[in-house]
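Asker: Residue numbers for the sequence shown follow this note's numbering, so the first one is 4 and each next one is one higher.
Sharing a structure, written as structure tokens. Questions coming.
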Amino acid sequence: MSNEAALDDLRATLTEGGQLSDEQVENLTLNTDLLSLGMLADDVRRSRHGDSTTFVRVAEVPVQGSVSPELRGEAMELRIIGVPDSSEVMVSAVRLAAEAGRPVTGYAVHDLLEMSNGDMALFRNLLDELLEVGLAAISELVVDRTPDPESVICTVVDAGLAISRVTIHEALGDKRIGFVKAVAGWMLPANGVWAFAPLPRADVVSDSEASPSTGYDDVRQVALARLLVDNIGSIQVDWALHGPKLAQVALAFGADDIDAVPAVDAVDLGPRRTSLEEVRQNIRAASFVPVERNGCFERVM
Numbered sequence: 004m005s006n007e008a009a010l011d012d013l014r015a016t017l018t019e020g021g022q023l024s025d026e027q028v029e030n031l032t033l034n035t036d037l038l039s040l041g042m043l044a045d046d047v048r049r050s051r052h053g054d055s056t057t058f059v060r061v062a063e064v065p066v067q068g069s070v071s072p073e074l075r076g077e078a079m080e081l082r083i084i085g086v087p088d089s090s091e092v093m094v095s096a097v098r099l100a101a102e103a104g105r106p107v108t109g110y111a112v113h114d115l116l117e118m119s120n121g122d123m124a125l126f127r128n129l130l131d132e133l134l135e136v137g138l139a140a141i142s143e144l145v146v147d148r149t150p151d152p153e154s155v156i157c158t159v160v161d162a163g164l165a166i167s168r169v170t171i172h173e174a175l176g177d178k179r180i181g182f183v184k185a186v187a188g189w190m191l192p193a194n195g196v197w198a199f200a201p202l203p204r205a206d207v208v209s210d211s212e213a214s215p216s217t218g219y220d221d222v223r224q225v226a227l228a229r230l231l232v233d234n235i236g237s238i239q240v241d242w243a244l245h246g247p248k249l250a251q252v253a254l255a256f257g258a259d260d261i262d263a264v265p266a267v268d269a270v271d272l273g274p275r276r277t278s279l280e281e282v283r284q285n286i287r288a289a290s291f292v293p294v295e296r297n298g299c300f301e302r303v304m
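Here it is in structure tokens:
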């Protein structure tokens, strides 16, 4: 089959919402050029989300800190960061943050499991306590740090919570797409996971001999995530971590949600240069419509 015919075959399957065969996945990952990947990913993205791109302003709240008005700013999500010494502190941090009246997310699944000593009954009890004091969702499930993720996600959903985003901590080369394929193969409960952030988050990789990723690698990873992962609604890029430029380019390659827009600007730059206006301008420059959301993935009117 020629490359053009193979692309037409891929496009037809994706347009109809069909499941890609192993042969199609191999062709997609090994033989498809970046421009074609981007076009296919954009088609799928628009079929799911139209021309809307959501974003959220986040205030990070230290687990042993307080939520002052200065810290909260214009946040639509309060995200608890850090790992305390006890589950009691975890629960207390959520209770205090919830008093601010914004959706509260917090913690990584692997940290909650460690706090529960790997005991699923204790893990479930901790989830129940966090829900009771106001947690809206677990902040993240890290693919390369979470054992048996499908079972864990089911436990989270059974407790009445959700996973805000699935992330990758560290990956280069074939491992990057390997994690995307792994996530794509999960059997997930409806609305159990809200977004997949396919770009690795580690600043430094542990393999000193590995070549660092490039911008080409990153946008290819985003496009493949959109094309392969049909069990999670949104493909997400992190504004604070990866920067405005990559965030804007990623929108053209299948991303539809921007995470971690600052809720407070460090310097008063005027109304036209705030983080809010900058993210809106970037989304419009990519030919999409900016839509603000909160920490529960609900649109803010």
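For every residue, glycine included, the Cβ atom is placed at its ideal position computed from N, Cα and C.
Note that this is a predicted model, so its numbers are computed, not measured.
If we ignore side chains and look at the alpha-carbon of each, how far apart do residue 152 and residue 268 end up?
Answerer: Using only the alpha carbons, I get a separation of about 36 Å.
Asker: Quick one: measure Cβ to Cβ for residue 299 and residue 72, integer angstroms, because I've assumed they're closer than 8 Å.
Answerer: Not quite, the Cβ-Cβ distance comes to about 22 Å (not below 8 Å), so this is no contact.
Asker: For residue 249, count neighbouring Cβ atoms within 10 angstroms of its own Cβ and tell me buried if that reaches 16, exposed if not.
Answerer: Residue 249 comes out buried.
Asker: Should residue 3 and residue 284 be called a contact, given that it needs their Cβ atoms to be closer than 7 Å?
Answerer: In this structure the chain extends from 4 to 304, so residue 3 is not present and cannot be described.
Asker: Closer than 8 Å by C-beta to residue 191: which residues in its own chain qualify, once you throw out the five before and the five after it? Chain order, please.
Answerer: Answer for residue 191: 153, 156, 234 and 235, listed in chain order.
Asker: For residue 264, which residues from the same chain have a beta carbon less than 8 Å from its beta carbon, with the 5 sequence-adjacent residues on both sides left out?
Answerer: Hits under 8 Å: 58, 59, 60, 61, 242, 243, 278, 279 and 282.
Asker: Comparing C-alpha positions only, which one of 205, 36 and 17 sits nearest to residue 219?
Answerer: Per the Cα distances, 36.
Asker: Can you name, in chain order, every residue of its own chain whose Cβ lies under 7 Å from the Cβ of residue 131, other than the five neighbours on each side?
Answerer: Excluding sequence neighbours, residue 131 sits near 162.
Asker: Quick check for students: name the residue ranges of the beta strand (DSSP E) that lie wholly in the segment 241-302, counting only runs of 3 or more.
Answerer: Runs of the beta strand (DSSP E) inside the segment 241-302: 260-265 and 292-295.
Asker: Using only CA atoms, which one of 295, 202 and 119 lies nearest to residue 88?
Answerer: Out of 295, 202 and 119, 119 has the C-alpha closest to the C-alpha of residue 88.
Asker: The beta strand (DSSP E) with residue 138 in it runs from where to where?
Answerer: Per DSSP, residue 138 belongs to the beta strand (DSSP E) from 138-145.
Asker: What did DSSP end up calling residue 217 once you bin it into helix, strand or coil?
Answerer: If DSSP states are grouped into helix, strand and coil, residue 217 belongs with coil.
Asker: In three-state DSSP terms, what is residue 102?
Answerer: In the structure shown, residue 102 sits in coil (DSSP, three-state: anything other than H, G, I, E or B).
Asker: Identify, in the order they occur along the chain, each residue of the same chain with its Cβ nearer than 8 Å to the Cβ of residue 171, setting aside the five sequence neighbours on each side.
Answerer: 145, 146, 147, 179, 182, 200, 201, 202, 203 and 204, listed in sequence order.
Asker: Where residue 116 and residue 32 are concerned, what is the direct C-alpha to C-alpha distance, given to the nearest angstrom?
Answerer: Going by the C-alpha atoms only, they are around 34 Å apart.
Asker: According to DSSP, simplified to helix, strand and coil, what is residue 176?
Answerer: Coil at residue 176, not helix or strand.
Asker: Mind checking residue 13: buried by the 16 CB within 10 Å criterion, or exposed?
Answerer: Counting Cβ neighbours within 10 Å, residue 13 comes out buried, since at least 16 surround it.
Asker: When the Cα atoms are used, what is the spatial distance from residue 16 to residue 23?
Answerer: Taking the straight line joining both Cα atoms gives about 7 Å.
Asker: Let me know the secondary structure DSSP gives residue 152 once reduced to three states.
Answerer: Of the three classes helix, strand and coil, the one that applies to residue 152 here is helix, per DSSP.
Asker: Name the DSSP beta bridge partners of residue 65, please?
Answerer: According to DSSP, residue 65 bridges with 84.
Asker: Rounding to the nearest angstrom, what Cα-Cα distance links residue 257 and residue 196 in this structure?
Answerer: Answer to the nearest angstrom: the Cα atoms are 18 Å apart.
Asker: Checking the sheet assignment: what are the DSSP bridge partners for residue 49?
Answerer: In DSSP, residue 49 forms no bridge with anything.
Asker: Would you kindly check if the distance between the Cβ of residue 44 and the Cβ of residue 198 is under 7 Å?
Answerer: No.
Asker: Apart from the five residues just before and just after residue 292, which ones in its own chain have a Cβ nearer than 6 Å to its Cβ?
Answerer: Only 54 and 55 meet the Cβ criterion.
Asker: Where does residue 158 sit, in a helix, a strand or coil, going by DSSP?
Answerer: Reduced to three states, the DSSP call for residue 158 is helix.
Asker: Let me know if residue 21 comes out buried or exposed under the rule of 16 or more other beta-carbons within 10 Å of its beta-carbon.
Answerer: Result: exposed.
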